[in-house]
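Chains as they are written, first to last, in the numbering used here: chain A, 652 to 940; chain B, 188 to 598.
Where is the CB? At the ideal position from N, CA and C, for every residue including glycine.
What you are looking at is a predicted structure, and each value in this text was computed from that prediction instead of being measured.
Heads up: the structure comes next, in structure tokens.
Pasting the structure below:
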């Protein structure tokens, strides 16, 4: 085997990992500020996949464009969900938050089953089978497009939190909740904005994911678990950590699948998770509590 | 003057016997006239849903067709969500609700979970599809399987590969075996490890690769196979994973001489054709197939068409046919036993001998372990997005095409 094959595997892992990272970014943002773990995260990603699938099938709107309106719609849903349902659970014990969001996940999963049935729905994009030949490497077009879009969205998000007034206020809430309230920030509204941003991230990631994977209701729990592994490896609450964790998981799964056995690649995600929990419990880029 | 008669002991016994006959005969007649209540447990959601739904379509039309052939069944349809734990609990529930027989479950792992429940409760389980050998090797007394074991499938499949090579005069030198890592796929791998060395095929098996059928894509798997550069790909796919496999083969410009399944689903699901279009053509799968000339097959096809206008019997006949046959076995056993009492019904089912049935092959019969050992395979190739029998020559409707045309040459 030549180096080019290994390079191809690593590139595939990086590209897939970036989309995983964008999905996990939403989870990390919500937890980092609101301190609520969204156990319905994967299910929301699957809703976005179906939204992108429907927009493509009915209007011919490419998922690489459709992610923008989908992210906007998810922001509204997230804002409303936090304002009406989740705000009441902020500060309550973890098991109550857990039950609430698992309940939301079950409702979404079964709703999708009722609406679309259990079968996987492929978008069948015209370029779904295309790839770029770069020397000896074949790299899927869909992966490159999705990864570039994921990087762009993450960059916009970083800029929003660093350079806008609302972003700064949200970071203030995350750093010192009491201080933020004392200076007059509307914490509940900022929480709702944060939840909206988190869901917008997952909405965009889900829409991009439909270019790589077929939409199916049963993907939800697997995506939730994957997002958890990524944010724990990267550091819960760390935005950069989510992207780094996504890439690390993507590459380690790809290499493990290639070198050892494809059926064992998920095992390496969990091995990485255990190693991080033992050696660096706060995650690779997380801050010690 | 009336003669006073005293009943003798002999006359009393005779009268009692006559009375018992009068009481008993209508009971048997009544039992025969009533329908047997059967539960059909299938993976209608989850990763096996396409095949489970296909089997379900067979179960839905079965009562009407069975009635035309003189059998009465009442069915309870249950989704086991592609999950053996759900299969076990749902099996218990339906037995508690009074079903007298269980049919299922397409997936070997789920069927094994159900077999334990049926054995404890002494309720017959007729396996429609499920190839793991242990189903009929663990001594279950309340289970019969009208489906080949993994070993039988691979034996028949490898024999047909040899016939394919002879018929097409190709000369593959190497192959890679790619299989799902679930119960079925692992059983196929074990059968392959055991049977391939003695099969006398003219190519070397470079490597056997296991993959997760629930994986989002198979790009790493295809990269690994491409690095080995085999002439043939032998595959054991499950459902949607077959689509992902072809998709990644096309993306990576990987064009082996042929893609042959020694006996597995996935390559002939309607989803496969819809998702891949012309790219779905030319894989070959060596599996049992419905007899297009059979009296009962034609009746089943006639019932299938109006009930499922969006689906083609030619595509679904494997899942629909075996599910129908499982129901036929249970209904026929009930008809002969005249009772739905578990042990007596099971005894009748084990004595099954049905000559007129759906799939190609001799009459349905079970050996001492409850296995039908006489189910042959045919080589079926996708041609113009339709499963087409290409071997054996006497039942073939087209000749096999090997090597398969390159991906870019498809229209």
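Residue i touches chain C at which residues, Cβ-Cβ below 9 angstroms?
i: residue 462/B; result: Here the protein chains are A and B, and chain C is not one of them.
Keeping to the same chain, check which residues put their C-beta closer than 6 angstroms to that of residue i; ignore five residues upstream and five downstream.
i: residue 512/B; result: 333, 544, 545
i: residue 343/B; result: 564
i: residue 491/B; result: 248, 500
i: residue 556/B; result: 323
i: residue 783/A; result: 790
i: residue 855/A; result: 718, 722, 804
i: residue 330/B; result: 302, 312, 557
Answer with yes or no whether the minimum CB distance from residue i to chain B is below 7 angstroms.
i: residue 869/A; result: yes
i: residue 846/A; result: no
i: residue 913/A; result: yes
i: residue 633/A; result: In the structure as shown, chain A begins at 652 and stops at 940. Residue 633/A is therefore absent and cannot be evaluated.
i: residue 1012/A; result: For chain A, the structure presents residues 652 to 940; residue 1012/A sits outside this window and is missing.
i: residue 879/A; result: no
i: residue 789/A; result: yes
If you drop the 5 nearest sequence neighbours on each side, which residues of the same chain put their C-beta closer than 7 angstroms to that of residue i?
i: residue 535/B; result: 520, 523, 524
i: residue 936/A; result: 885, 886, 889, 891, 892, 895
i: residue 209/B; result: For residue 209/B, the predicted model reports a pLDDT of 45, less than 50, meaning its position is unreliable; a value from the coordinates is still stated below. If we look at residue 209/B and ignore the five residues flanking it on each side, it has no Cβ neighbours.
i: residue 881/A; result: 671, 672, 675, 893, 896, 897, 900
i: residue 550/B; result: 540, 541, 542
i: residue 850/A; result: 677, 695, 725, 726, 728, 729
i: residue 654/A; result: none
i: residue 355/B; result: 587, 589
i: residue 601/B; result: What the structure shows of chain B is the stretch from 188 to 598, and residue 601/B is not part of that stretch, so it cannot be assessed.
i: residue 390/B; result: 359, 360, 361, 362, 418, 419
With a CB to CB cut of under 8 angstroms and the five nearest residues on each side skipped, what residues in its chain are close to residue i?
i: residue 797/A; result: 666, 669, 670, 715, 859, 860, 862, 863
i: residue 396/B; result: 363, 364, 365, 366, 408, 411, 412
i: residue 770/A; result: 867
i: residue 337/B; result: 318, 319, 320, 371, 374, 375, 377, 378, 450
i: residue 448/B; result: 344, 421, 422, 423, 424, 454, 470, 471, 472, 473, 474
i: residue 738/A; result: 839, 842, 843
i: residue 554/B; result: 560
Just checking: is the beta-carbon of residue i within a distance shorter than 7 angstroms of some beta-carbon in chain A?
i: residue 408/B; result: yes
i: residue 411/B; result: yes
i: residue 241/B; result: no
i: residue 368/B; result: yes
i: residue 437/B; result: yes
i: residue 482/B; result: no
i: residue 496/B; result: no
i: residue 233/B; result: yes
i: residue 440/B; result: yes
i: residue 377/B; result: no
i: residue 427/B; result: yes
i: residue 237/B; result: yes
i: residue 251/B; result: no
i: residue 414/B; result: yes
i: residue 595/B; result: no
i: residue 485/B; result: no
i: residue 403/B; result: yes
Closer than 6 angstroms: is that where the CB of residue i sits relative to any heavy atom of the ligand ADP?
i: residue 302/B; result: As far as ligands go, the structure on display features none, and thus does not contain the ligand ADP.
Residues, ordered as in the chain, of the segment 389 to 400 of chain B that lie near chain A by beta-carbon distance below 7 angstroms: Cβ contacts with chain A: 396, 397, 398, 399.
Taking any Cβ of chain A, which residues in the segment 272 to 298 of chain B have a Cβ under 8 angstroms from it, in chain order? For the segment 272 to 298 of chain B, which is checked against every Cβ of chain A, not one residue is closer than 8 angstroms.
Within the chosen definition, does the segment 754 to 764 of chain A reach the segment 713 to 731 of chain A through at least 3 CB pairs nearer than 8 angstroms? Contact between the segment 754 to 764 of chain A and the segment 713 to 731 of chain A is absent, because fewer than three Cβ pairs lie under 8 angstroms.
Say whether the segment 319 to 336 of chain B touches the segment 348 to 362 of chain B, bearing in mind that this needs 3 or more beta-carbon pairs closer than 8 angstroms, one atom from each stretch. In short, these stretches do not touch, since the Cβ pair count stays below three.
The segment 652 to 674 of chain A: positions lying closer than 7 angstroms to chain B by Cβ: Cβ contacts with chain B: 652, 656, 659, 660, 663.
Of the residues that make up the segment 892 to 908 of chain A, which ones have a beta carbon closer than 7 angstroms to any beta carbon in chain B? Cβ contacts with chain B: 905, 908.
Quick check: the segment 431 to 449 of chain B against the segment 248 to 259 of chain B, are at least 3 beta-carbon pairs closer than 8 angstroms? For the pair of segments examined, the segment 248 to 259 of chain B was found not to touch the segment 431 to 449 of chain B: the number of CB pairs separated by less than 8 angstroms stays below three.
When you compare the segment 572 to 588 of chain B with the segment 361 to 376 of chain B, are there three or more beta-carbon pairs, one atom per stretch, that lie closer than 8 angstroms? Under the Cβ criterion (8 angstroms, minimum of three pairs), the segment 572 to 588 of chain B does not count as touching the segment 361 to 376 of chain B.
Contact list for the segment 753 to 765 of chain A against chain B, Cβ threshold 7 angstroms: Within the segment 753 to 765 of chain A, the residues whose Cβ lies closer than 7 angstroms to some Cβ of chain B are 764, listed in chain order.
Please list the residues of the segment 702 to 723 of chain A that have a C-beta atom closer than 9 angstroms to any C-beta atom in chain B, keeping them in chain order. Cβ contacts with chain B: none found.
Is there contact between the segment 918 to 925 of chain A and the segment 834 to 842 of chain A, where contact requires at least three CB pairs shorter than 8 angstroms? The answer is no - the segment 834 to 842 of chain A does not touch the segment 918 to 925 of chain A, with fewer than three Cβ pairs under 8 angstroms.
Does the count of Cβ pairs from the segment 462 to 477 of chain B and the segment 278 to 288 of chain B closer than 8 angstroms reach three? Not touching, per the Cβ criterion.
Under 8 angstroms, with one C-beta from each stretch per pair, do the segment 463 to 471 of chain B and the segment 557 to 577 of chain B reach the 3-pair mark? By the Cβ test, the segment 463 to 471 of chain B is in contact with the segment 557 to 577 of chain B, since at least three Cβ pairs between them sit closer than 8 angstroms.
Residues from the segment 324 to 358 of chain B in contact with chain A, defined by Cβ distance under 9 angstroms: Going along the segment 324 to 358 of chain B in chain order, one finds no residue with a Cβ nearer than 9 angstroms to chain A.
Using Cβ-Cβ distances below 7 angstroms, what residues of the segment 561 to 574 of chain B are close to chain A? Those residues of the segment 561 to 574 of chain B that come within reach of chain A (Cβ to Cβ, closer than 7 angstroms) do not exist; the list is empty.
With 8 angstroms as the limit, tell me which residues of the segment 814 to 843 of chain A have their beta carbon closer than that to any beta carbon of chain B; keep them in chain order. Taken residue by residue, none of the segment 814 to 843 of chain A has a beta-carbon sitting less than 8 angstroms from a beta-carbon on chain B.
Could you check whether the segment 426 to 442 of chain B touches the segment 236 to 246 of chain B, counting it as contact only if at least three pairs of C-beta atoms, one from each stretch, sit closer than 8 angstroms? Taking 8 angstroms as the limit for Cβ pairs, the verdict is that the segment 236 to 246 of chain B does touch the segment 426 to 442 of chain B.
Which runs of the beta strand (DSSP E) at least 3 residues long sit entirely within the segment 217 to 298 of chain B? Give them in chain order. Assignment of beta strand (DSSP E) within the segment 217 to 298 of chain B, counting only whole runs of 3 or more residues, yields 223 to 229, 260 to 266, 288 to 291 in chain order.
Can at least three beta-carbon pairs, one atom from the segment 263 to 276 of chain B and one from the segment 295 to 303 of chain B, be found at a separation below 8 angstroms? In short, these stretches touch, since the Cβ pair count reaches three.
Contiguous alpha helix (DSSP H) assignments of at least 4 residues, all confined to the segment 390 to 471 of chain B: With a minimum length of 4 residues, the unbroken runs of alpha helix (DSSP H) contained wholly in the segment 390 to 471 of chain B fall at 406 to 415, 427 to 438, 457 to 463.
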